[in-house]
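Please read the structure below before turning to the comments.
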Amino acid sequence: MPPRVLWGRVRSGLIGRRLVRPMLRVLVLHGPNLNLLGSREESVYGTATLSEIDASLAKLGGELGVELEIRQSNHEGELVTWIQDARNRCQGIIINPAAYTHTSVAVRDALSAVNVPAIEVHLSNIHRREEFRRHSYVSGVTLGQISGFGPTGYLLALRGLCEYLSSQGLKPAASGVGSGRGDGTRSH
Ligand code: DQA
């Protein structure tokens, strides 16, 4: 399905004039086996389903005035293609590469190539688990990693990404970042 493009309107610095600017768009990528959340190793990953995680992300995205494009794949190449497609189209990426975290030079290279700020998320604390999970190929090319906070990690990542983009002069359309309003309203 083609991405839904929403537009927000904000006041310009000129009295009585208004600028129209596109909403920030963030790509959220879930890697392999995350479609099984809710029934997969509940003691490690919890009971929230991927749909529930996506719904809470969408709600926060609405509050912050950020358009989210959320995708899940079990295929490395598909993730690579979606990362490439984010170039010139998305202002940020939130990615849980799942098992590809520990194996994929291709996912790392794609993130590095597109030059879109990315945050790596893991539900579990990968540094407290098996030795092979402690190394991430993607960490070296992301803004940062959030690991061990369960589904909340995605929400922390979205807030952190918005704060970062805001610091770079890319303000979300709504006032949730920086102004403290955060009630999900948007001016049109
Ligand atoms: C994971 C951690 C990875 O080691 C694992 O392969 C996953 C999920 C996490 O979210 O905790 O599939 O990325």
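Using my numbering, count along the sequence shown one by one with no gaps and you end on 1682.
Think of the CB as a built atom: it goes at the ideal place given N, C-alpha and C, for glycine as much as any other residue.
Taking every protein chain shown into account, the CB of His1524 has 16 or more other CB atoms within 10 angstroms, so this residue is buried. Within its own chain, the residues whose Cβ lies closer than 7 Å to the Cβ of Leu1562, once the five positions on either side in sequence are excluded, are Val1520, Val1522, Leu1551, Ala1552 and Gly1555, listed in chain order. The ligand DQA has a heavy atom closer than 6 Å to the beta-carbon of His1616.
The count of Cβ pairs closer than 8 Å, one atom from the segment 1598–1605 and one from the segment 1566–1579, reaches three, so the stretches are in contact.
With a cutoff of 7 Å on beta-carbon distance, Glu1614 and Ile1589 are scored as near each other.
By DSSP's assignment, Val1615 forms a beta bridge with Ile1640.
When C-alpha distances from Ile1640 are compared across Asn1619, Thr1597 and Pro1611, the shortest belongs to Asn1619. According to the DSSP assignment, Ile1564 belongs to no alpha helix (DSSP H) but to the beta strand (DSSP E) extending over Val1560 to Gln1566. If you look at Arg1653, you'll find it isn't in any beta strand (DSSP E); it sits in the alpha helix (DSSP H) that goes Thr1646 to Ser1661.
Scanning its chain for C-beta atoms nearer than 8 Å, with the 5 sequence neighbours on each side dropped, one finds around Ala1580 the residues Leu1521, Ile1587, Val1608 and Val1610, in chain order.
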